[in-house]
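Structure first, commentary second.
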Amino acid sequence: MGADVDLGRDAMKLSLAIQTPEVPVPVPVALLTGSLEDKLAKARDLGADGVELLTVNPKALEAPALRRALDGAGLEVAAIGSGALAFAAGLTLLHSDPQVAAQAQERLRDLIDLAADLRAPLVTVGSFRGCVASVGTNGRALLAARLREAADYAAARGVRLALEPLNRYETDIVHTAAEGLAFVDEVGHSALGLLLDTYHVNIEERSWTEPFRSLMAAGRLWHVHLGDNNRLHPGGGLIDFAAIVATLGEAGYRGYLSAELLARPDPDTAATETMRAMRPLVAPYRGH
Numbered sequence: 483m484g485a486d487v488d489l490g491r492d493a494m495k496l497s498l499a500i501q502t503p504e505v506p507v508p509v510p511v512a513l514l515t516g517s518l519e520d521k522l523a524k525a526r527d528l529g530a531d532g533v534e535l536l537t538v539n540p541k542a543l544e545a546p547a548l549r550r551a552l553d554g555a556g557l558e559v560a561a562i563g564s565g566a567l568a569f570a571a572g573l574t575l576l577h578s579d580p581q582v583a584a585q586a587q588e589r590l591r592d593l594i595d596l597a598a599d600l601r602a603p604l605v606t607v608g609s610f611r612g613c614v615a616s617v618g619t620n621g622r623a624l625l626a627a628r629l630r631e632a633a634d635y636a637a638a639r640g641v642r643l644a645l646e647p648l649n650r651y652e653t654d655i656v657h658t659a660a661e662g663l664a665f666v667d668e669v670g671h672s673a674l675g676l677l678l679d680t681y682h683v684n685i686e687e688r689s690w691t692e693p694f695r696s697l698m699a700a701g702r703l704w705h706v707h708l709g710d711n712n713r714l715h716p717g718g719g720l721i722d723f724a725a726i727v728a729t730l731g732e733a734g735y736r737g738y739l740s741a742e743l744l745a746r747p748d749p750d751t752a753a754t755e756t757m758r759a760m761r762p763l764v765a766p767y768r769g770h
């Protein structure tokens with residue numbers, strides 16, 4: 483049984499992160515192997531509802547053909563991920579070189595355009611934001627301004643941005659759900675919300691579940707990334723995913739849980755084990 487894209491909004495859905503063909507190097511957190519068509523077929527056969535696309539050059543993709551391939555596989559685009567821009571292209575919003583930062587802003591607009599073309603609800607912003615230390619003491623205000631500008635662009639196209647709190651070893655700004663909420667409130671744009679990644683939550687928070695509950699109460703949790711405490715597939719480490727899913731379900735979360743995790747021992751096995759672990763957990767919240 484493949485994915486069911488007719489579940490509607492009242493469902494908790496599962497997604498797998500995959501990289502698009504133009505990305506020049508393997509992305510460590512991209513799952514599944516083969517051509518794009520192969521990846522979509524595998525995602526469908528594993529029971530995923532959607533895919534999260536990790537791309538570096540959206541203009542190199544033929545959006546209509548990609549949309550047809552997705553429709554043919556019965557899959558949605560859960561999100562457009564920006565992480566490959568930092569990893570494979572060296573682009574960040576807070577890059578020390580103003581020209582590179584400007585290129586990053588332009589590429590973010592391209593991601594938003596792709597999201598609109600593919601009917602994806604949001605674009606994620608994680609490592610792509612960069613570090614405040616790269617630009618100096620005004621880095622926080624600079625990031626807020628650039629995300630506010632991008633949120634304006636996204637809102638005009640029916641797309642939202644989801645900022646991801648990251649652990650202290652990957653960035654120097656926004657590590658926790660509380661810090662993320664404060665920053666989003668500071669930006670003050672209705673098209674900017676948050677996503678939580680279980681891997682980062684495990685490092686930075688005191689509870690696996692409370693951050694999800696608090697952001698749901700604030701109405702700002704728009705997306706979830708899955709990864710165990712060692713960044714392997716759910717069940718490959720120590721995190722209590724059953725408790726997290728139950729917390730989300732009780733709080734009314736009906737959106738995507740997207741596997742963005744280390745592709746070990748290989749991208750196909752990581753995807754298979756993720757779906758094996760997660761499908762029973764989300765079943766009570768599938769809307770049917």
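483 is the number of the first residue of the sequence shown in our numbering; add one for each residue after it. C-beta: ideal position from N, C-alpha, C; glycine also.
For the options N684, L676, H707, the alpha carbon positioned closest to that of A699 is the one of L676.
Its chain contains P647, E686, E687, P693 as the residues whose beta carbon lies nearer than 8 angstroms to that of T658, once the 5 sequence neighbours on both sides are disregarded; these appear in chain order. In this structure, Q501 places its C-beta atom within 8 angstroms of the C-beta atom of L536. Within the region 642–693, the complete beta strand (DSSP E) segments at least 3 residues long are 642–645, 674–679, listed from N- to C-terminus.
Positions of the beta strand (DSSP E) runs, each at least 3 residues long and wholly inside the region 567–654, are given as 604–607, 642–645 in order along the chain. Taking 3 residues as the shortest admissible run, the region 697–742 contains the following complete beta strand (DSSP E) segments, listed from N- to C-terminal end: 703–708, 738–741. Just measuring C-alpha positions, the residue of H707, L763, V706, S689 sitting nearest A724 is L763. Collapsing the DSSP output to three states places E755 in a helix. About 6 angstroms separates the beta carbons of A741 and L513, which is inside the 8 angstroms limit, making them a contact pair. For A551, the closest C-alpha among the options G572, G565, G563, K521 is that of K521. Bridge partners of A499 according to DSSP: E534. For E558, the uninterrupted beta strand (DSSP E) segment begins and ends at 558–563.
For G734, same chain residues with a beta-carbon under 8 angstroms away, outside a window of 5 residues either side, are M698 in chain order. Its Cα nearest to that of A753, the residue L708 stands out among L708, A637, S609.
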